[in-house]
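The structure appears below as structure tokens.
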Amino acid sequence: MPDLSRRSLLGASAAVTGAVAAGVVLPAASAQADSSSSPSKSVRHGDIRDVKHVVILMQENRSFDHYFGTLKGVRGFDDRSTITLPGGASVFQQPTTTPGQSQYPWSLSETPAQGSLTSETIAQTSAGLGHSWEDQHGAWYGGLMCGWVQYKGSVRTMGYLKRSDIPFHYALADAYTVGDAYHCSVLSATGPNRTTLWSGMIDAAGKYGNPAFNGGDESNLKWQTYAETLQQAGITWKVYQGSDNYGDNGLEYFTQFETAQPGSALYENGVRTVPEPSTSGVTDNADNLAAAVRADVIAGKLPQVSWVVTDQAFSEHPDGTPEDGAYYVHGILNALNADPDVFNSTVVIINYDENDGFFDHVPPPTPAAGTADEFYLEPSLEALGITQPLPVGLGFRVPLLLLSPWTRGGWVTSEVSDHTSVIQFLEQWTDALGKPAKCAYISDWRRKVCGDLTSAFDFQSPVFGLPQLPAAPAIGLSLNSQPTPTTDAMPEQEPGSRRARPLPYQPNANLDSFDFGKNGEIQAQLSFTNAGPYVSRASHFSVYNNTLPLPSLTEFPTAYPGQYTVDPSRSASAKPVTGAVEIGAGSGDGKYDLTVTGPNRFLRHFTGDTAVSGDTVQVQAQYEGESGKHAKLSLALSNTGKETVAFTVTHNNYMSDRPRTYHVDRHDSETVSIDPLAHSHGWYDLTVTVSSDPTWSRRYVGHVENGGNSITG
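Numbered according to my numbering, the sequence shown spans residues 2 to 714.
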């Protein structure tokens with residue numbers, strides 16, 4: 002049952018025609034408080050205990066590239082650490098349903114005006130696309146990311162918005178912190194993603210009944226929600242919703258809330274609607290919600306944790322316009338600022354339940370086959386020959402904005418996270434308050450891979466006050482427009498970097514050797530590590546064999562990218578995780594082309610031909626000096642062949658060093674040391690080639706962490 006069918010039973014907002022008003026772009030926040038603000042009057046601890054309220058605004062159905070692919074300094078359209086599709090095309094160059102044709106991302110507002118509808122109106126009101134379990138997994142295509150147009154059924158999947166289309170959203174990113182590695186939790190629809198936000202899982206193992214895997218299928222859920230966990234811990238909470246909540250209050254699909262009676266805590270905090278005195282205009286829903294929040298702020302009754310749930314028109318669910326979403330969010334921010342002391346002690350988390358059908362180019366981390374609580378076999382797919390369970394997630398990237406005094410300044414956090422990260426943040430906070438509220442349902446794999454958002458906060462340097470933001474007038478359109486591309490070229494991203502928060506990884510991967518079988522089989526042996534003095538979270542790696550033809554989904558997982566999750570280690574001598582990739586299976590063809598991806602633009606690309614160089618030339622990348630704050634990247638060049646080999650190291654980006662050639666004698670080695678922290682804020686992107694084989698290359702891209710702030714790559 003598709004996600005939209007659930008919503009169709011709940012009514013729709015009135016549609017009126019209006020005008021789109023543009024606003025000015027807010028520059029990055031200064032280090033000083035806004036002149037109209039005052040610091041929090043409560044005692045400051047300089048840590049997470051300074052947070053008094055958390056407000057969660059989960060919006061609808063927008064991917065990261067769709068909203069922020071052109072935003073300066075994030076992992077968007079200028080990303081250089083990308084995979085290629087089977088056949089060698091860029092991941093941005095998605096095949097269409099016409100054989101031999103493809104489509105790059107294209108600006109929705111470049112669609113020509115249609116009668117009285119301006120190009121901007123058409124962009125704002127673009128209709129939604131499919132986002133079920135079936136077509137989300139189809140677009141993902143086992144991690145190959147090549148099924149977007151085919152499974153979404155339209156080139157509109159490649160449409161995006163830019164700063165002039167959504168100035169308010171860009172202003173929030175410029176003023177606060179944006180997450181460019183935040184994923185929805187489930188490769189599916191709204192329902193299961195919101196179920197995860199409110200409870201930590203979808204019950205993939207069926208321990209409590211039928212898994213909530215697809216939008217429209219959730220009901221009679223029986224496990225404990227995180228709201229109840231907060232209540233048991235003594236943390237106050239509330240859902241702010243109107244009589245039209247678009248079915249987006251995830252609590253109401255749990256039996257205990259479905260049967261809750263007026264007067265009970267579950268009903269009063271999780272089911273009851275806010276007063277709705279305004280009933281005659283297009284902005285009623287948003288205005289009533291803001292009024293309810295404002296009233297509680299002024300009365301000193303704002304709970305410690307709040308979820309605010311709006312209707313379709315203001316949720317940004319296509320064809321609800323982003324500008325209407327901006328009106329709603331702006332209203333909630335102003336309501337919180339009715340008492341500046343409340344605003345100055347509040348964290349507002351704006352995230353999106355899933356991507357609708359909109360394209361994103363970053364493959365989501367997924368667990369290895371068989372990982373507990375992370376795989377589900379959808380019976381309807383058996384008719385297509387898919388008889389293996391598919392991963393629940395992670396899903397595609399969606400926008401994340403963290404608004405608080407401790408996230409001001411136009412920062413980026415690139416820590417891998419998902420909807421369970423919101424719960425993990427609340428876990429850290431409640432534990433610090435002495436009222437720990439631990440969620441029992443987040444899988445072990447998610448806790449390893451997905452962060453708790455705390456690394457995005459600087460509790461020592463708050464910037465108080467609500468910044469000046471662009472005007473956000475409601476326009477109230479509901480047109481289901483069908484914009485069409487007029488261009489087919491790689492879009493441009495705003496130039497420049499942004500300030501970046503430190504990350505808890507130090508991923509590394511090497512192609513170590515080849516194993517040759519008796520019947521022509523060849524295996525490439527890989528190793529993965531995640532070690533360093535600041536490492537505290539697992540790194541996830543995906544391995545792509547770029548020489549393989551496009552497989553059928555029925556071949557999952559054997560013909561698809563390998564998935565490896567490597568636990569954190571503080572020791573440089575930690576034993577690596579190993580993996581193998583079949584190349585030239587049974588044919589004696591030793592040509593190989595392998596890509597390894599990891600967090601924060603990490604990439605390794607290995608090419609060559611074992612029939613030419615075999616196993617005689619190798620490079621081992623390591624991080625040296627890991628016991629101190631200034632780690633360097635070292636490349637051990639080795640030659641076990643019979644002739645001298647010239648290795649050439651070329652910097653592709655970040656550093657301006659000229660290519661350097663190192664002549665390594667037979668049965669000898671040489672180590673090259675590179676210092677990205679001294680020259681390029683920790684970033685490196687270089688390629689090693691050899692004189693003995695023109696097909697042989699090793700590309701290394703990544704970031705050296707030193708526990709401090711940096712800039713984006």
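Each residue gets a CB set at the ideal place from its N, CA and C atoms; glycine is no exception.
A quick note: this is a predicted structure, and the numbers were derived from the prediction, not measured.
Whole angstroms is fine: what's the gap from Tyr-565's alpha carbon to Pro-577's? The residue given as residue 565 occupies position 564 in the sequence shown. The residue given as residue 577 occupies position 576 in the sequence shown. Rounded to the nearest angstrom, the gap between the Cα atoms of Tyr-565 and Pro-577 is 11 angstroms.
Pick out whichever of Val-413, Thr-197 and Gln-262 has its Cα sitting closest to the Cα of Gln-425. Numbered from its first residue, the sequence shown carries residue 425 at position 424. Distances from the CA of Gln-425 to each of Val-413, Thr-197 and Gln-262 were compared; the closest alpha carbon is that of Thr-197.
Given a cut-off of 7 angstroms, decide if Ser-415 and Ala-182 are closer than it, judged by their beta-carbon atoms. As a working mapping, residue 182 is identified with position 181 in the sequence shown. As a working mapping, residue 415 is identified with position 414 in the sequence shown. Taking 7 angstroms as the Cβ cut-off, Ala-182 and Ser-415 qualify as a contacting pair.
Integer-rounded CB distance, given that Phe-397 should sit under 8 angstroms from Cys-185: For this step, residue 185 is matched to residue 184 along the sequence shown. For this step, residue 397 is matched to residue 396 along the sequence shown. About 6 angstroms; that satisfies the 8 angstroms criterion.
In chain order, what are the residue ranges of uninterrupted alpha helix (DSSP H) at least 4 long that sit wholly in the region 394 to 475? If we require 4 residues or more, the alpha helix (DSSP H) runs fully inside the region 394 to 475 come out as 420 to 433 and 445 to 450.
Opposite Phe-607 in the DSSP bridges: which residues? Taking the first residue of the sequence shown as position 1, residue 607 is located at position 606. Answer is Leu-595 and Arg-699.
Taking Gly-563 as part of the beta strand (DSSP E), name the residues at either end of that continuous run. Here residue 563 corresponds to residue number 562 of the sequence shown, with the count starting at 1. Counting along the chain, the beta strand (DSSP E) containing Gly-563 begins and ends at 563 to 567.
Sequence-distant residues of its chain with Cβ nearer than 8 angstroms to Leu-470 (five each side left out): As a position in the sequence shown, residue 470 is number 469, starting the count at 1. Here Leu-470 has Gly-24, Leu-27, Phe-169, Ala-172, Leu-173, Ala-176, His-331 and Leu-334 as same chain residues with Cβ atoms under 8 angstroms from its own Cβ, once five neighbours each way along the sequence are excluded.
Sequence-distant residues of the same chain with beta carbon closer than 8 angstroms to Lys-73, five excluded per side: The residue labelled residue 73 in the question sits at position 72 within the sequence shown. Once the five neighbours on either side are set aside, the close Cβ partners of Lys-73 are Gln-494, Glu-495, Pro-496, Gly-497, Ser-498 and Arg-499.
Pop quiz: Pro-364 and Pro-392 are said to be a contact at Cβ under 8 angstroms. What is the actual Cβ separation, rounded to whole angstroms? For the purposes of this step, residue 364 is identified with residue 363 of the sequence shown, where counting begins at 1. For the purposes of this step, residue 392 is identified with residue 391 of the sequence shown, where counting begins at 1. Incorrect: roughly 12 angstroms between the Cβ atoms, too far for contact.
Assuming contact is defined by CB atoms lying nearer than 7 angstroms, are Ala-205 and His-132 in contact in what I supplied? The count along the sequence shown starts at 1 and reaches residue 205 at position 204. The count along the sequence shown starts at 1 and reaches residue 132 at position 131. Not in contact: Ala-205 and His-132 (Cβ atoms no closer than 7 angstroms).
Relative to the C-alpha of Ala-539, which candidate in Gly-521, Pro-508 and Ser-528 has its C-alpha closest? Residue mapping note: residue 539 aligns to position 538 of the sequence shown, counting from 1. Comparing Cα-Cα distances from Ala-539 to each of Gly-521, Pro-508 and Ser-528, the minimum goes to Pro-508.
From the DSSP secondary-structure annotation, give me the bridge partner or partners of Arg-661. In the sequence shown, residue 661 corresponds to position 660, counting from 1. DSSP lists Val-650 as the beta-bridge partner residues of Arg-661.
Measuring straight from C-alpha to C-alpha, what distance separates Glu-556 and Asp-594? As a position in the sequence shown, residue 556 is number 555, starting the count at 1. As a position in the sequence shown, residue 594 is number 593, starting the count at 1. Distance between the alpha carbons of Glu-556 and Asp-594: 20 angstroms.
Euclidean distance between Cα positions of Asn-481 and Ala-438: Here residue 481 corresponds to residue number 480 of the sequence shown, with the count starting at 1. Here residue 438 corresponds to residue number 437 of the sequence shown, with the count starting at 1. Each residue's Cα considered, the two are about 42 angstroms apart.
If you draw a straight line from the alpha carbon of Tyr-105 to that of Phe-65, how long is it in whole angstroms? The sequence position of residue 105 within the sequence shown is 104, counting from 1. The sequence position of residue 65 within the sequence shown is 64, counting from 1. Using only the alpha carbons, I get a separation of about 16 angstroms.
At which residues does the beta strand (DSSP E) containing Asn-509 begin and terminate? Here residue 509 refers to the residue found at position 508 of the sequence shown. Counting along the chain, the unbroken beta strand (DSSP E) around Asn-509 starts and ends at 508 to 517.
Determine the burial state of Glu-644: buried for a count of at least 16 other Cβ atoms within 10 Å of its Cβ, exposed for fewer. The residue labelled residue 644 in the question sits at position 643 within the sequence shown. So Glu-644 ends up on the exposed side.
What runs of the alpha helix (DSSP H), each 4 residues or longer, lie entirely inside the region 120 to 192? Considered as a whole, the region 120 to 192 harbours 120 to 125, 134 to 141, 149 to 153 and 168 to 176 as its complete alpha helix (DSSP H) runs of no fewer than 4 residues, in chain order.
Relative to the C-alpha of Asp-676, which candidate in Trp-697, Arg-661 and Val-705 has its C-alpha closest? Residue 676 sits at position 675 when you count from the first residue of the sequence shown. When only C-alpha atoms are compared, the closest one is Val-705.
Taking buried to mean at least 16 other C-beta atoms within 10 Å of its own C-beta, is Lys-153 buried or exposed? In the sequence shown, the residue the question calls residue 153 occupies position 152. The residue in question, Lys-153, is buried, as its Cβ has 16 or more Cβ neighbours within 10 Å.
Starting from Ile-299, follow the beta strand (DSSP E) in both directions and report where the run begins and ends. Residue numbering aside, residue 299 sits at position 298 when the sequence shown is read from its first letter. Segment 285 to 299 is the alpha helix (DSSP H) holding Ile-299; no beta strand (DSSP E) there.
So, for Arg-700: in the same chain, excluding its five sequence neighbours on each side, which residues have a beta-carbon less than 6 angstroms away from its beta-carbon? The residue given as residue 700 occupies position 699 in the sequence shown. Excluding residues within five positions, the ones whose Cβ falls inside 6 angstroms are His-606 and Thr-688.
May I ask which residues mark the beginning and end of the beta strand (DSSP E) holding Thr-367? Here residue 367 refers to the residue found at position 366 when the sequence shown is read from its first residue. DSSP places Thr-367 in no beta strand (DSSP E); its state is neither H nor E.
Tell me the rounded alpha-carbon separation between Leu-395 and Ser-693. Translated into the one-based positions of the sequence shown, residue 395 becomes position 394. Translated into the one-based positions of the sequence shown, residue 693 becomes position 692. Approximately 42 angstroms between the Cα atoms of the pair.
For Trp-308, the residue or residues it bridges with in DSSP: Counting from one through the sequence shown, the residue named residue 308 turns up at place 307. Ile-57 and Val-240, per the DSSP bridge assignment.
Nearest-angstrom Cα separation, counted from Phe-255 out to Trp-1: This structure cannot settle anything about residue 1, because the visible part of the chain is limited to 2 through 714.
By DSSP's criteria, Phe-542 is part of a beta bridge. Which residues make up the other side? For the purposes of this step, residue 542 is taken as residue 541 along the sequence shown, with counting starting at 1. Answer by DSSP bridge pairing, in chain order: Tyr-565.
Around the Cβ of Met-491, are there at least 16 other Cβ atoms within 10 angstroms (buried) or fewer (exposed)? Here residue 491 is taken as the residue at index 490 of the sequence shown, counted from 1. Sixteen is the threshold: since fewer than 16 other Cβ atoms of the shown chains lie within 10 Å of the Cβ of Met-491, the residue is exposed.
Same chain only: Cβ atoms within 7 angstroms of Ala-560, ignoring 5 sequence neighbours per side: Locating residue 560 in the sequence shown gives position 559, counting from the first residue. Excluding sequence neighbours, Ala-560 sits near Leu-549 and Pro-552.
Excluding the five sequence neighbours on either side, which residues of its own chain have a C-beta within less than 6 angstroms of the C-beta of Leu-636, listed in chain order? For the purposes of this step, residue 636 is taken as residue 635 along the sequence shown, with counting starting at 1. Closer than 6 angstroms at Cβ, skipping near neighbours: Val-620, Ala-622 and Val-673.
Own chain residues within Cβ distance below 7 angstroms of Thr-322, not counting five before or after: Position 321 of the sequence shown, counted from the first residue, corresponds to residue 322. The residues are Gln-125, Thr-126, Ile-476 and Leu-478.
Sort out for me which residues DSSP pairs Phe-255 with in a bridge. Residue numbering aside, residue 255 sits at position 254 when the sequence shown is read from its first letter. DSSP output for Phe-255 lists Leu-222 as bridge partner(s).
Contact between the region 427 to 446 and the region 234 to 244: three or more CB pairs below 8 angstroms? The region 427 to 446, when compared against the region 234 to 244, does touch it at the 8 angstroms Cβ threshold.
In or out: Arg-659 buried (at least 16 other Cβ within 10 Å) or exposed? For the purposes of this step, residue 659 is identified with residue 658 of the sequence shown, where counting begins at 1. With fewer than 16 Cβ atoms within 10 Å of its Cβ, Arg-659 is classed as exposed.
Is it buried or exposed, Lys-208, if we count other Cβ atoms within 10 angstroms and call 16 or more buried? Taking the sequence shown and counting its residues from 1, one reaches residue 208 at position 207. It counts as exposed.
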